[in-house]
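Chemist: Residue numbers (full-length UniProt numbering): 1 to 407.
Glycine is no exception: its CB is placed at the ideal position from the N, C-alpha and C atoms.
In this text, all values refer to a predicted model and were calculated from it rather than measured experimentally.
1) Residue 333 by DSSP, collapsed to three states: which one?
2) Could you tell me whether the segment 110-119 touches the segment 208-226, using the rule of 3 or more Cβ pairs below 8 Å?
3) Could you check the C-alpha separation between residue 271 and residue 332 for me, to the nearest Å?
4) My assumption, with CB atoms under 8 Å, is that residue 376 sits in contact with residue 298. Please give the rounded CB distance.
5) Can you name the start and end residues of the alpha helix (DSSP H) that residue 228 belongs to?
6) Suppose only complete runs of 4+ residues qualify. What are the alpha helix (DSSP H) ranges in the segment 120-187, listed by chain order?
7) I'd like to know if the segment 98-108 and the segment 221-232 are in contact, where contact means that at least 3 CB-CB pairs between them fall below 8 Å.
8) So, is residue 392 buried or exposed, given that buried needs 16 or more other C-beta atoms within 10 angstroms?
9) Pick out whichever of 86, 146, 161 has its Cα sitting closest to the Cα of residue 116.
10) Report the three-state DSSP secondary structure of residue 197 (helix, strand or coil).
11) According to the Cβ coordinates, are residue 167 and residue 184 closer than 8 Å?
12) Alpha carbon to alpha carbon, how far is residue 395 from residue 283? Give it in angstroms, no decimals.
13) Excluding five sequence neighbours on each side, which residues of the same chain lie with their C-beta closer than 6 Å to the C-beta of residue 366?
14) Can you tell me whether DSSP reads residue 46 as helix, strand or coil?
15) Can you tell me the Cα-Cα spacing of residue 351 and residue 295, whole angstroms?
16) Helix, strand or coil for residue 383? Go by DSSP, reduced to three states.
17) Kindly indicate which three-state DSSP category residue 341 falls into: helix, strand or coil?
18) Residues bridged to residue 353 by DSSP?
19) By the 10 Å Cβ neighbour count, where 16 or more other Cβ atoms means buried, how is residue 399 classified, buried or exposed?
20) With distances taken Cα to Cα, identify the nearest neighbour of residue 248 among 266, 385, 152, 276.
21) What is the rounded straight-line gap between the Cα of residue 154 and the Cα of residue 95?
22) Is there contact here, the segment 79-89 with the segment 120-129, by at least three beta-carbon pairs under 8 Å?
23) Mind reading off the beta-carbon distance from residue 312 to residue 321? Whole number of angstroms is fine, and I expect it under 8 Å.
24) Short check: CB of residue 275 to CB of residue 364, under 8 Å?
25) Using only the alpha-carbon positions, how far apart do residue 202 and residue 193 sit?
26) Take residue 268 as the anchor and find which of 208, 287, 362 has the nearest alpha-carbon.
27) With distance defined between alpha-carbon atoms, name the residue in 343, 92, 325 nearest to residue 385.
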């Protein structure tokens, strides 16, 4: 019987040497083949078809699949796969439950200050127990130096060392050709740059070596806190403690800000609200929190000004300005504001022009009388008209919170 070539309808391929066993015969069940090995499959190829054996084809496919699967075993072990390399960081602040729920944290959650012997640490978290060779490099002159800067082990401790001169150096403004850096103890109206360190770890595990680099950078809260470390270190007479991180918050009013988006607020929002509640006229804020550098920028001579812990606020009557100074309206408005501040729980209330006190601290203004006349009917005894006529704010403050260093 012939085999019809389905791909060649014009002819029938006759293969007389191929005979089928009779149905039901013993030959049908004989496991021994007859004829030339491979003879049957040889003739079943279609024109243009790959003629290599089916077994060879399947073998090649299996090899390709094995190559895609790699050498990972069923239990997840892999002798040639790259391993997961993960670092964690620690400072005395991540070790405090009020700041962090974990002592060792990833780079994104690392909080730290430098100077005065503060130690920072890094370790290989994964693979657990793996040993690394370490290299730590300060980024920017304002980040100081590191001691030691290299080492080996699962954990590496390093101590940043920063001098006043190094903290003086600030990055150049990329849009300017002149150096815009200013000394750390000089007044400054822009935010400081965050101290940062580049950490390189080289780890060998199961015969394979990988390298990872991470850069740890101070966040805004720590940049602010670092100013207090710097000033406690180098400014004579500066005694304010380094503020707690949770004291640094979003500003309740943009006018309360210093050089940063966040503010240190120990009492100023409450003071402003209470004075406003006691004052019939509208009140605006002229100055709130001042970070130490901003306090110098406004020419304050008070090394420990309560503005620097967010415990002071300067207020002005709405509708007054330099143009209204010396007028009845100006004096009457400042008298009302001053009395409203005196009625608010406070440490000190001052009538001031810039940084100059114009009236005795916390002293009530006498009620006009025949012996102490008010001839222009502004509510202020005539003898105090010059003071209230020149004032450009009322200062009110409270003492620093009863807190110690968080170190």
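Modeler: Considering the structure as presented:
1) helix
2) yes
3) 21 Å
4) At roughly 32 Å, the Cβ-Cβ gap does not stay under 8 Å, so residue 376 and residue 298 are not in contact.
5) 220-234
6) Within the segment 120-187, the runs of alpha helix (DSSP H) at least 4 residues long that lie entirely inside it are, in chain order, 164-168.
7) no
8) buried
9) 161
10) strand
11) yes
12) 13 Å
13) Apart from sequence neighbours up to five positions away, the residues of its chain that approach residue 366 with a beta-carbon distance below 6 Å are 372, 381, ordered along the chain.
14) Its pLDDT being 49, under 50, residue 46 is placed unreliably in this model, and the coordinates cannot settle the point.
15) Rounded to the nearest angstrom, the two C-alpha atoms are 19 Å apart.
16) When secondary structure is reduced to three states using DSSP, residue 383 falls in the helix class.
17) Residue state for residue 341 is assigned as helix, using DSSP reduced to three classes.
18) 356
19) exposed
20) 266
21) 19 Å
22) yes
23) At roughly 22 Å, the Cβ-Cβ gap does not stay under 8 Å, so residue 312 and residue 321 are not in contact.
24) no
25) Distance between the alpha carbons of residue 202 and residue 193: 29 Å.
26) 287
27) Ranking 343, 92, 325 by Cα distance to residue 385 puts 325 first.
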